[in-house]
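Counted the way my numbering counts, the sequence shown spans residues 44 to 132. Below: the structure, in structure tokens.
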Amino acid sequence: MPSVVITHKVADVEKWLNFKSERASASGSLGGTNVVDHVDADGGDVIAITCEMADVDAALAAVQSPPPELAAAMESHGVVPPLTFFVAR
44 MPSVVITHKV
54 ADVEKWLNFK
64 SERASASGSL
74 GGTNVVDHVD
84 ADGGDVIAIT
94 CEMADVDAAL
104 AAVQSPPPEL
114 AAAMESHGVV
124 PPLTFFVAR
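Dropping the structure here:
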């Protein structure tokens with residue numbers, strides 16, 4: 044299963060971190076497992092999420108054009124687009 048890294052800015056890192064369980068559930072609905080959050084060691088507003096993704100193409104499509112429920116969750120979590128998606132192949 045390919046590993047992916049998704050990076051983006053957030054409005055408030057501490058607020059974003061409080062949504063860990065919701066983010067893991069959303070990633071799971073996209074086929075993601077082993078979800079790990081990463082924050083900027085210098086205290087910046089850029090974060091990264093790493094996980095293993097069963098269907099990389101479907102996950103990429105979902106973050107590029109989020110369905111309404113995912114878009115609403117991203118907004119409430121303080122996600123600041125754009126999202127950058129990296130795939131280990």
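Even glycine gets a Cβ: it sits at the ideal position worked out from N, Cα and C.
Rounded to whole angstroms, the separation of the alpha carbons of M117 and H51 is 11 Å. The residues M117, in chain order, have a CB closer than 7 Å to that of P109 in the same chain once the five nearest residues on each side in sequence are set aside.
Annotated as proximal: A91 and V48, with beta-carbon spacing under 9 Å. Here DSSP, grouped into helix, strand and coil, assigns M96 to strand.
Distances from the CA of V53 to each of A105, G74, T76 and L126 were compared; the closest alpha carbon is that of L126. Within the DSSP bridge table, the entry for V79 names T93 as partners. For T93 against S46, the beta-carbon gap comes to about 7 Å, under 8 Å, which counts as contact.
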